[in-house]
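So the structure is just underneath, and the comments pick up after that.
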Amino acid sequence: MNWAAARATTAIAVVTAVVSLLLIITGLVPEAAIGAGFIPLRFEGAALPPDLGFAVPTLLTPLTATLIHGGFAHIAFNLVMLVYCGAQAERALGARGIAVLYVVGAYAAALAQYFPDPGSASPMIGASGAISAIVGAYALLFGQRRATRGIAGLSAEFTHVLWLAAGWIGIQLLLGFAGMGMGAIAVGAHIGGFIAGLVFAKPLLLWRYRNA
159 MNWAAARATT AIAVVTAVVS LLLIITGLVP EAAIGAGFIP LRFEGAALPP DLGFAVPTLL
219 TPLTATLIHG GFAHIAFNLV MLVYCGAQAE RALGARGIAV LYVVGAYAAA LAQYFPDPGS
279 ASPMIGASGA ISAIVGAYAL LFGQRRATRG IAGLSAEFTH VLWLAAGWIG IQLLLGFAGM
339 GMGAIAVGAH IGGFIAGLVF AKPLLLWRYR NA
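To convert, note that position 135 of the sequence shown is 293 in my numbering; the numbers rise steadily by one, no gaps.
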């Protein structure tokens, strides 16, 4: 991997790793999950425990949640996906494009996790939703196109996007139901982030080269 050519991906990975590992090593993950994780019920006006050591503003929690991971396996898997797909996607989108996509993916993931259950008090942590946006962009920009003709009057390109979305959604639903339960992983967040990647990949590509 050319680290200099993937400076945004590298920066995101380093910050995520450092913060996550510090929280894991110090045993502060449970407290951080409540104070900085994404909790749908906070957006409904619910108050946090008064004895909580710290809490970030509610509107920032979709982003700060990406810095918190439940264990070493959790952070390791996410970093592998981020570094591989992010470095490749950054070649096309540039550093600014990847940074924007990551933030957009984090908020899209939070929205997708929020709407099915706005009253949920369970914290969502981890960068997988934001990383799903980068995976979506990578799949669209570098994946081999399977759809050579459109269906139902749609263009071949749009049909290709639909197939990618359908495949990812199917995988996430299978993971959710395969013994782990829908609450074990943030299925909605993974779907929301991936769709954001599909939607914003081409606009960010055009944005980069129009400003080159």
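Where a beta carbon is used, it is the ideal one built from N, C-alpha and C, also for glycine.
Note the first and the last residue of the continuous alpha helix (DSSP H) segment covering residue i.
{"i": "Ile192", "result": "Val187 to Ala194"}
{"i": "Arg165", "result": "Arg165 to Thr184"}
{"i": "Gly287", "result": "Ser286 to Phe300"}
{"i": "Pro198", "result": "Run containing Pro198: none; DSSP gives neither H nor E here."}
{"i": "Gly355", "result": "Val345 to Arg368"}
{"i": "Ile233", "result": "Phe230 to Tyr272"}
{"i": "Leu218", "result": "It is not in any alpha helix (DSSP H) - Leu218 carries neither H nor E in the DSSP assignment."}
Given this structure, state the Cα-to-Cα distance separating residue i from residue j, to the nearest angstrom.
{"i": "Ala257", "j": "Leu181", "result": "23 Å"}
{"i": "Ile292", "j": "Arg165", "result": "15 Å"}
{"i": "Phe358", "j": "Thr168", "result": "21 Å"}
{"i": "Phe352", "j": "Ile283", "result": "17 Å"}
{"i": "Leu237", "j": "Ala175", "result": "8 Å"}
{"i": "Val172", "j": "Gln246", "result": "17 Å"}
{"i": "Ser313", "j": "His232", "result": "At Ser313 the pLDDT is 46, less than 50, meaning the model places this residue with poor confidence; the figure from the coordinates comes in the next sentence. The alpha-carbon atoms of Ser313 and His232 are separated by roughly 38 Å."}
{"i": "Thr184", "j": "Val214", "result": "19 Å"}
{"i": "Ala191", "j": "Leu199", "result": "14 Å"}
{"i": "Ile101", "j": "Phe273", "result": "In the structure displayed, the chain extends from 159 to 370; residue 101 sits before or after that span and is not available."}
{"i": "Phe316", "j": "Trp365", "result": "The predicted position of Phe316 is uncertain, since its pLDDT is 48 and thus under 50; no value can be drawn from it."}
{"i": "Thr222", "j": "Arg368", "result": "31 Å"}
{"i": "Ala204", "j": "Tyr242", "result": "38 Å"}
{"i": "Pro276", "j": "Ala268", "result": "11 Å"}
Take residue i as the anchor and find which of the options has the nearest alpha-carbon.
{"i": "Ala354", "options": "Gly244, Ala270 and Glu189", "result": "Ala270"}
{"i": "Pro220", "options": "Tyr367, Lys360, Ala344 and Arg368", "result": "Ala344"}
{"i": "Phe212", "options": "Leu199, Ala194 and Thr224", "result": "Ala194"}
{"i": "His227", "options": "Glu189, Ala205 and Ser178", "result": "Ser178"}
{"i": "Ser286", "options": "Ala247, Pro276, Gly255 and Ala234", "result": "Ala234"}
{"i": "Gly229", "options": "Val187, Ala295 and Gly252", "result": "Val187"}
{"i": "Ala264", "options": "Ala231, Phe196, Pro208 and Lys360", "result": "Phe196"}
{"i": "Tyr260", "options": "Gly350, Asp209, Leu210 and Pro274", "result": "Gly350"}
Which word fits residue i, buried or exposed, when buried means at least 16 other C-beta atoms lie within 10 angstroms of its C-beta?
{"i": "Ile309", "result": "Because Ile309 sits at a pLDDT of 47, beneath the cut-off of 50, its placement in the model cannot be relied upon, and the point is left open."}
{"i": "Pro281", "result": "buried"}
{"i": "Thr224", "result": "buried"}
{"i": "Arg217", "result": "Reading the sequence as shown, one finds Leu at residue 217 and not Arg. So Leu217 counts as exposed."}
Where does residue i fall in DSSP's three states?
{"i": "Gly277", "result": "coil"}
Any heavy atom of the ligand FMN closer than 8 Å to the CB of residue i?
{"i": "Val258", "result": "By its list of ligands, the structure shown contains no ligand whatsoever, and the ligand FMN lies outside what it can speak to."}
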